[in-house]
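**Q**
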Amino acid sequence: MAGKSGRSISNVPEKAIRKNILSWEGMLVVVFILMVIFCRSISPNFHLENVLREMPKYLAEAFIMLPMAYVLILGEIDISVGATVCLSATMTCMACNKELPFIAVVLVCLLVGTACGLINGLVLTNFTELPPMIVTLATQIIFRGIAEISLGSGGSVSLTNTDGFRMIAGKVGIIPYIFFLVVILAVIFAVVLAKTTFGRSVYAIGSNRLAAYYAGIPVQRIRLIIYTALGFMSGLAALFLTSVLYGANTTTGNGFEMDAIAMAVFGGISTAGGKGRLAGGIISAFVIIMLRIGLGQINMNPQLILVILGALLILAVLLPNIAGELKVKKKAANTK
């Protein structure tokens, strides 16, 4: 039909398939496929059985990425999660070596992680003028410092009884338990963010916190819940990491915060807040895991792998801005 301007307006909506393929998540699926092909071409050992055997030590970071996406959508950041993992793993090993029942050891790990997240949340919600980066930087130093004091001069602790940890590191066929748990939790976190009032409130706070407050959204309560959930998931990551390493040391969890943020941002989550879908973060987590496994199998320098991941992160931030500028220019050209 013709509009007032004399231009023809199509009433046929854009095809859903094309829209999904051209979405950020659709492009990430393509990147994932290309990444698998690339890794298979550079490493003869890159096949399903080997990938699933190496995956657990990287999947622990995916636990942290899920609530970290919520924090980023709030327009905030938490850089203490690596230290939380270190402290949780340290306390877990010490509790295990005290010959506590395994269920008590698991509870210690989860409670320590949850307590760390709760501390971050309480400080940030009671002193709202404090920036999250500075607060979590301080707690990062505190949590890792407590872990280092607990570990003493040796700087490490090993499990004396690994039976329970061998159990949670088990497999169904060739698929590790942790893979199923990551998938289940990913679905739960994605549904809550996309389909519930809580999720819509998170987006509203990230878009405009003051407007969300005046709209009746319990801003500080939601922030407290999210930071506490991030602590709990860090404890869960520590539990499965301990089941792989059978111990902890002062470097446990190093860089986990940056990896979790990289997964979320590469997945299309905006660090400015209020934008992004968790589906992209989940896909990007597996893209990065595949890259780490593939490059690790050819014995590439770990620092070089970090350089590559950093370049991917910069690219993920730049592409939406470039695409936005191109759209503005195209729109300006069409109106002339």
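The opening residue of the sequence shown carries number 1 in UniProt numbering; numbering runs sequentially from there.
Even glycine gets a Cβ: it sits at the ideal position worked out from N, Cα and C.
Evaluate contact between the stretch 93-106 and the stretch 217-231, counting only Cβ atoms and requiring at least three cross-stretch pairs below 8 Å.
**A** With a cut-off of 8 Å, the stretch 217-231 and the stretch 93-106 do not count as touching, because too few Cβ pairs lie within range.
**Q** Between the C-alpha atoms of leucine 224 and leucine 28, what's the straight-line distance to the nearest angstrom?
**A** As a first step, residue 224 is located in the sequence shown; it is residue number 224 there, counting from the start. As a first step, residue 28 is located in the sequence shown; it is residue number 28 there, counting from the start. Whole-angstrom Cα-Cα distance: 31 Å.
**Q** If you draw a straight line from the C-alpha of asparagine 45 to the C-alpha of asparagine 208, how long is it?
**A** Here residue 45 corresponds to residue number 45 of the sequence shown, with the count starting at 1. Here residue 208 corresponds to residue number 208 of the sequence shown, with the count starting at 1. Those two C-alpha atoms are separated by around 49 Å.
**Q** Between phenylalanine 63 and the rest of its own chain, which residues show a CB-CB distance below 6 Å, the 5 nearest in sequence each way excluded?
**A** The sequence position of residue 63 within the sequence shown is 63, counting from 1. These residues qualify, in order along the chain: Met233, Leu236 and Ala237.
**Q** Is the CB-CB distance between glycine 206 and glycine 274 below 8 Å?
**A** Within the sequence shown, numbered from 1, the residue matching residue 206 stands at position 206. Within the sequence shown, numbered from 1, the residue matching residue 274 stands at position 274. Yes, these two residues count as a Cβ contact at 8 Å.
**Q** How many Å lie between lysine 331 and valine 187 at the Cα?
**A** Numbered from its first residue, the sequence shown carries residue 331 at position 331. Numbered from its first residue, the sequence shown carries residue 187 at position 187. Each residue's Cα considered, the two are about 37 Å apart.
**Q** With H, G and I counted as helix, E and B as strand and the rest as coil, what does DSSP make of glycine 267?
**A** The residue you call residue 267 lines up with position 267 of the sequence shown. If DSSP states are grouped into helix, strand and coil, glycine 267 belongs with coil.
**Q** Assuming leucine 87 and valine 123 are in contact, meaning their beta carbons sit under 8 Å apart, how far apart are those beta carbons, in whole angstroms?
**A** Mapped onto the sequence shown, residue 87 falls at position 87. Mapped onto the sequence shown, residue 123 falls at position 123. In fact, because the Cβ distance is near 16 Å, the residues do not count as touching under 8 Å.
**Q** What's the C-alpha gap between isoleucine 149 and leucine 313?
**A** By 1-based counting over the sequence shown, the position of residue 149 is 149. By 1-based counting over the sequence shown, the position of residue 313 is 313. Using only the alpha carbons, I get a separation of about 34 Å.
**Q** What does the Cβ neighbour count give for glutamine 140, buried or exposed, with the cut at 16 atoms within 10 Å?
**A** For the purposes of this step, residue 140 is identified with residue 140 of the sequence shown, where counting begins at 1. Per the 10 Å Cβ criterion, buried.
**Q** Out of Ser156, Met133 and Tyr246, point me to the one whose CA is closest to isoleucine 258's CA.
**A** Position 258 of the sequence shown, counted from the start, is the residue given in the question as residue 258. A quick correction: the sequence has methionine, not isoleucine, at residue 258. Nearest C-alpha to methionine 258: Met133.
**Q** Would DSSP call serine 158 helix, strand or coil?
**A** As a working mapping, residue 158 is identified with position 158 in the sequence shown. Serine 158: strand per DSSP, three-state reduction.
**Q** Grouping DSSP H, G and I as helix and E and B as strand, with all else coil, what is isoleucine 175?
**A** For the purposes of this step, residue 175 is taken as residue 175 along the sequence shown, with counting starting at 1. The answer is strand: DSSP assigns isoleucine 175 an E or B state.
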